[in-house]
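Numbering (the UniProt record's numbering), first residue to last: 1 to 91.
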């Protein structure tokens, strides 16, 4: 039962995170991961270059990770779910 409860909480966190993102970030992530559009088609739809799209997608993914982490803390389950952030190596 705990796994079902946790899964429901995570789904709620994803929804809250997505709803609180900028419209541009929402559009980029939904097009790519929900609608499964190819990156060049999304870039063309947004009237931007592929390199600009790549930068905007990275920004959108970081925004999602931030907002998702906030929701995990708010729901009290941040210790149960891995951090989505990718941190650069300090060499």
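Backbone N, C-alpha and C fix where the C-beta goes; we use that ideal spot for every residue, glycine too.
For clarity, every value in this text was computed on a predicted model and none was experimentally measured.
If residue i sits next to residue j, beta carbons under 8 Å apart, how far is it from one beta carbon to the other, in whole angstroms?
i: residue 55; j: residue 17; result: Incorrect: roughly 21 Å between the Cβ atoms, too far for contact.
Give the secondary structure of residue i by DSSP, where H, G and I count as helix, E and B as strand, and everything else as coil.
i: residue 76; result: coil
i: residue 6; result: helix
i: residue 90; result: coil
i: residue 57; result: helix
i: residue 71; result: helix
Buried or exposed: residue i, going by 16 or more other Cβ atoms within 10 Å of its Cβ?
i: residue 53; result: buried
i: residue 72; result: buried
i: residue 60; result: buried
i: residue 42; result: buried
i: residue 34; result: exposed
Just to confirm, is the Cβ distance from residue i to residue j under 8 Å?
i: residue 9; j: residue 75; result: yes
i: residue 39; j: residue 32; result: yes
i: residue 64; j: residue 29; result: yes
Exercise. If we count Cβ pairs, one from each stretch, closer than 8 Å, do we get three or more for the segment 81–90 versus the segment 43–50?
Worked result: No: fewer than three Cβ pairs fall under 8 Å.
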